Amino acid sequence: TVILREMETGIQETIEMKDVAVTVKAKLKGKKQ
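Structure follows, in structure tokens:
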């Protein structure tokens, strides 16, 4: 159904956002050291 597809897209976007946040945090940590 359309609702399930939208949920899957939302979940995938959330995972990508988390990956980006982790990458940004790692870069900031690298700069501090």
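Residue 7 is where the sequence shown starts when you use our numbering, and the numbers rise one by one after that. Note that beta-carbon positions come from the ideal geometry of N, C-alpha and C, so glycine has one too. No experiment lies behind these values; they were computed from the predicted model shown.
How many angstroms separate the CA atom of residue i from the CA atom of residue j?
i      : j      : result
Glu-22 : Ala-32 : 15 Å
Glu-12 : Val-26 : 21 Å
Lys-37 : Val-28 : 14 Å
Gly-16 : Val-30 : 21 Å
Lys-35 : Thr-7  : 43 Å
Where does residue i sit, in a helix, a strand or coil, going by DSSP?
i      : result
Thr-15 : helix
Thr-7  : coil
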